[in-house]
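Going from the sequence shown to our numbering is simple: count from 1 and add 652. To keep things clear, I will list the structure first and then write my remarks on it.
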Amino acid sequence: MAVVLISAAVLFSVLRAVLPHATGYKNEIQQEISRQIGLPVEIESIDAAIHWFSPRLKLIRVSVFDKKNKVPLFDFREAFVELDVFESLVRQEIIIADVGLIGADISIEKFSEKEWSVQGVRFTSGGSSELPAEFLYMIENADYLLHDSNIYYQDHTGDKLTISLLNVNIDVENNFNTHDIKFSMLLPEAFGGQLSAVADLSGKLEALHGDIFIEAEQLKIRQWNEKFRFLKEHQLDALVDIRLWATLENNTLRSLTTSLQSSDVSIKNNKTKKIWKTDYLAGDFRYLASNGHWNVTLSDFYFGKELEPAWGRPVTVLASDDAEKIYLSADFLRIADLQNIAEAAMIDEYQADFEKLKAYRLSADIYNLDLHLPKKLLVAEEAEGADKHTVSEKVVVGKAGIKTPATNKAEAKRGKVEHGASKRTAVPAEPEKVASDEAAIAVSEGTDGETIGDVVGDVTGDTNGEAVNKNQAMLDGLYLQATVTDFSLYDHDSGLTLTGFDAALNFDDSRLTVDVATENAGLQLPDMLRESISIDTIHGELKLDYDGESFHLAADDLQLRNKHFNTFSRLDVRLSSMDDIFVDVQTDFYEAYGKYVHHYLPVGVMDTALVEWLDIAVVDGYIPEGSVILQGNIADFPFKDKSGIFQALFSPRDVSLVFLEDWPPLTGASASIKFNNLSLYVRDTKARTQTADLYDGYAEILNLPDPHLTVKTKARSTNHDVQSYVWSTPLDEILGDTLRLFEFSGKNKLDLILQVPLNQEQIDVVIDGHLTFIDTTMRYTDLGYELNSLNGVVDFTNTSIFADSVNAEIQGRPVLINAFTQNADTDAGRQVFFHLDGPMDADYLLQRYDWIPKHWVSGVSQWSIDVEVPHTPETYLVRVEASSYLEGVVLQMSDKVSKVAAEKMSLSTEIDIKTDDSLYIQAMAHDSNEKKLIQVHADRSDKRVWNFDVQSA
């Protein structure tokens, strides 16, 4: 064997030395090649070599010309023909194994979308070319390679693009209508790194079947997009490593699998100027078309930073279709990010619809989405009147994922094509087929020829004439299951804002079930509530049905809870249109606190002044439970025409209330409160203010948008406490000065009615009060007078005091007291008069004056006394006028001024208590014949010094 090899080597060396000078053989080879390809060929010289024990005939400097032998089409630095030794020995004839072309410069030009040129040979999109049939036959059937060559591309359209592709290597093996192709080249630096491909195909060029693998490194997408205008409405930039697997049937794409890693990704919308960027993006994509249907998988997809996905995890999205439905499933989606991507990537055709959706500011994280969408929802108009179409094919999509291929650069390079490493190079294995934990994709046989754009099939029609509600039928077959977290929504028209809602959604059999389990959510209703409501917990199940005409939303036990309240609601809502929403809601709430009430005031139906008053008024309190009822068309709220009902019932306790700015606070208050549409009623109020107990209170506002508050209450306390209360309230303007004249002991009862015009800029409270004295003792210390067993009612308003037949006792004898107000319309002239009638000891009226001898006056007579209290004192604080006929009184003042008990004598006195604490007294006596007996004038200075002027008859 060694001898044979040595002999062959010597013989081959001799052959290599002779061949360059064998010009006759060169000419014959030129002629034979020209005959084989149908084009003239010139060879500068010939040589020989050994490759894997197979002899190779090398052709140096080969040129191929057009048919007229004028224009060189191809120039090769070297070409070779390799002998298949084993086949030649078996067949005992020369069998060619490979044909190789090395060092070619190839020119490709684009003149239009339909016309191209390769090395000056023109092609059209209709399939015609200037190449002879022999050359095309060789391309389809011979084995050949093109190594160390350059391809120069020129685009004469658009931007006049020019690209140079260097170090191109192509290996083609054709065997009985099968085609194995390997391809690699270096891209221009501006376009990226290396591009390589492997194909395992069969069939004619116009109807190929088989698999294709393409790999590219460091593709600079921005340059590709700018030069080739793949995206005319967008600017796209990224640095991409991509691996692609594809399957063809009759030149139709049946499957496409892509694995890519990219960095510095950005997409900009040229029209809207919106841009989306991410540092890193990676994922695997697969498209399958089979039996007339399609299946798409996006797996291990993520963006953000390479080691920090923006969503915290890679995600998988599956989509497929059958005859009736489109199926979509995803283990995770973030709506806000998808909107940002869509905003930048959106084409102009859909921009208007997207802006409408964007206005709602939707945001949510969606987990485990499973959607079955009937195609008739997408093509409803085409479905009407169509023949009913049933297909046995069905696609079942479960939870699925694709095994991640090479996840780093070292692993990615393992699948790269190594040219010349073996005789045949198979297409690298693509990522594992889609595997499902629950069910695989099952499709029955269908029609061929499905393309990547045929994504919508036939739909179900209705020709049987049955009266089926088409709106209801539209939802038949729709299925949705998903878990939604951090759901947010904003409605511009109503101002409604929802944030942080979590729920599990299930739509099946035309019913949507929403299982809400939310923590830390927010609700804002600016047309109703002044500020956002924070909700710690929302729990319950909502059910939404559609009967073909209206939606029906129901819940039996929906809980909302935060640190201010805890509620459970039953709701029943029917929605026929956005203008026809009928609600029937009952909410029971527990553990509410008054100091937070200003957060939840229904300001949408309340006057600003009322809101401001409530902000100040309610300080604290506790509501153990209550209920709210809302029934009616929401468009008619707050039901001014009484077409619906809005009621809120609750009974607060331990309430602290600042009634009005000048009134002392109420503490420990309790009441029954009822909101009824536009009215507010407060009943059974109890409270304490200072040391007075309030009870049987009642308040109402008949029209909340135009609030006028009416308050009725009763109070009981000691007279001393009532004095203190009057002096610390606006009642001081009415009763204060009068009460300061006296000392009280005993008890009383106060009935008070207040009219508070909260709808006025200046709130002037109208007062109507009734003070009832119960066994009261009243002392006038300045004059030493005292009333006991005082029982009766004193009525008062803002401007007047009135009393009728108040019973009392002086020295154990009954007296009657009346009161009235004179000149009530003016402050300056207003005076209050107290009138007293009854028997009294004569010396009782004079007992405080030690300058009157005790033996002067004695006995009892009937007296009439008027006490005058001016509202605006000028010269005196109080004037007391007393008169009597002195029947029963004995006078022994002097011989001239004296009388016996049975004799009548008219005595009148006037006592002025002046503003400077001085005192003035005037007394006059007449006999029964009206003859003046005596007249006395006395002054007491502020230093307690008396001066007298006495005149007698």
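All residues carry an ideal CB built from backbone N, CA and C; glycine is no exception. Predicted model, so just to flag it, every value in this text is computed and none were measured.
Best match in the options for proximity to residue i [C-alpha to C-alpha]
{"i": "I685", "options": "S706, F717, P707", "result": "F717"}
{"i": "L847", "options": "F882, G1200, V892", "result": "V892"}
{"i": "L1529", "options": "K678, S1513, Q1483", "result": "Q1483"}
{"i": "S1618", "options": "I1586, K879, R1340", "result": "This structure gives no information on residue 1618, because the portion of the chain shown stretches from 653 to 1605."}
{"i": "D1179", "options": "Q1133, V1255, D1224", "result": "V1255"}
{"i": "E851", "options": "E825, F726, Q875", "result": "Correcting the residue type first, residue 851 is Ala in the shown sequence and not Glu. Considering only alpha carbons, the answer is E825."}
{"i": "F1298", "options": "V1310, P1304, L1330, A1460", "result": "L1330"}
{"i": "D989", "options": "Y1248, Y939, T930", "result": "T930"}
{"i": "Y1248", "options": "E858, V1271, V1237, M1258", "result": "V1271"}
{"i": "D1547", "options": "Q1283, E1520, W1508, D1167", "result": "W1508"}
{"i": "Y1347", "options": "A1206, D1336, K977, L725", "result": "D1336"}
{"i": "T1362", "options": "L1262, V1280, E1277, N1440", "result": "L1262"}
{"i": "I1573", "options": "L798, K710, E1562, D1231", "result": "E1562"}
{"i": "G1273", "options": "G1246, Q1283, S1146, A1575", "result": "G1246"}
Nearest-angstrom Cα separation, counted from residue j out to residue i
{"i": "N943", "j": "L871", "result": "35 Å"}
{"i": "Y1198", "j": "L1025", "result": "16 Å"}
{"i": "A1035", "j": "L980", "result": "With a pLDDT of 46 at A1035, under the threshold of 50, the modelled position of this residue cannot be trusted, and the question is left open."}
{"i": "A971", "j": "L691", "result": "52 Å"}
{"i": "Y1333", "j": "I1268", "result": "19 Å"}
{"i": "E1555", "j": "V1542", "result": "9 Å"}
{"i": "D1568", "j": "Y1432", "result": "18 Å"}
{"i": "S687", "j": "Y954", "result": "The sequence as given places Arg at residue 687; Ser does not occur at that position. Rounded to whole angstroms, R687 to Y954 spans 57 Å at the Cα level."}
{"i": "D983", "j": "T949", "result": "12 Å"}
{"i": "V733", "j": "V751", "result": "5 Å"}
{"i": "D800", "j": "V770", "result": "18 Å"}
{"i": "D1606", "j": "F1486", "result": "Since the first and last residues shown for the chain are 653 and 1605, residue 1606 lies out of range."}
{"i": "L896", "j": "L1205", "result": "48 Å"}
{"i": "G1398", "j": "Q1211", "result": "53 Å"}
{"i": "H1589", "j": "D1564", "result": "12 Å"}
{"i": "T1260", "j": "R1182", "result": "11 Å"}
{"i": "A842", "j": "K879", "result": "11 Å"}
{"i": "P1276", "j": "I1325", "result": "13 Å"}
{"i": "R713", "j": "E867", "result": "32 Å"}
{"i": "D1601", "j": "A1577", "result": "14 Å"}
{"i": "L888", "j": "A700", "result": "51 Å"}
{"i": "L1439", "j": "M1492", "result": "11 Å"}
{"i": "H945", "j": "K710", "result": "52 Å"}
{"i": "S697", "j": "L753", "result": "15 Å"}
Rounded Cβ spacing between residue i and residue j (contact assumed at less than 8 Å)
{"i": "Y1002", "j": "T1135", "result": "About 28 Å; that fails the 8 Å criterion."}
{"i": "I1517", "j": "L1488", "result": "4 Å"}
{"i": "V1374", "j": "L1402", "result": "6 Å"}
{"i": "F1394", "j": "L1423", "result": "13 Å between Cβ atoms; not a contact."}
{"i": "I864", "j": "A898", "result": "4 Å"}
{"i": "K1364", "j": "Y1350", "result": "4 Å"}
{"i": "W928", "j": "N827", "result": "About 48 Å separates the two Cβ atoms, so there is no contact after all."}
{"i": "D1427", "j": "N1443", "result": "6 Å"}
{"i": "H808", "j": "F763", "result": "5 Å"}
{"i": "Y1608", "j": "Y1142", "result": "Because the chain here runs from 653 to 1605, residue 1608 falls outside it and cannot be looked at."}
{"i": "N1214", "j": "S1186", "result": "6 Å"}
Range of the contiguous alpha helix (DSSP H) that encloses residue i
{"i": "Y1665", "result": "In the structure displayed, the chain extends from 653 to 1605; residue 1665 sits before or after that span and is not available."}
{"i": "K1028", "result": "1027 to 1030"}
{"i": "F602", "result": "Summary: the structure shown does not reach residue 602, with the chain confined to residues 653 through 1605, and so no result is reported for it."}
{"i": "Q1375", "result": "1371 to 1379"}
{"i": "I1268", "result": "1260 to 1269"}
Limits of the unbroken beta strand (DSSP E) element including residue i
{"i": "N1158", "result": "1149 to 1160"}
{"i": "R1340", "result": "1331 to 1341"}
{"i": "T1390", "result": "Here T1390 belongs to no beta strand (DSSP E); instead the alpha helix (DSSP H) covers 1389 to 1392."}
{"i": "D1240", "result": "1232 to 1245"}
{"i": "E901", "result": "886 to 901"}
{"i": "I758", "result": "757 to 762"}
{"i": "K1506", "result": "Note, K1506: premise wrong, no beta strand (DSSP E); not H, not E."}
{"i": "H945", "result": "945 to 957"}
Closer than 7 Å: residue i CB and nearest the ligand FMN heavy atom
{"i": "N802", "result": "Only the bare structure without any ligand can be found here, which leaves the ligand FMN out of the picture."}
Runs of beta strand (DSSP E) wholly within the region 805 to 853 (minimum 3 residues, chain order): Listed in chain order, they are 814 to 827, 830 to 838.
Only counting runs of 3 or more residues, tell me where the beta strand (DSSP E) segments fall wholly within the region 1428 to 1465, in order along the chain. Inside the region 1428 to 1465, DSSP marks whole beta strand (DSSP E) runs of 3 or more residues at positions 1437 to 1449, 1453 to 1462, from first to last along the chain.
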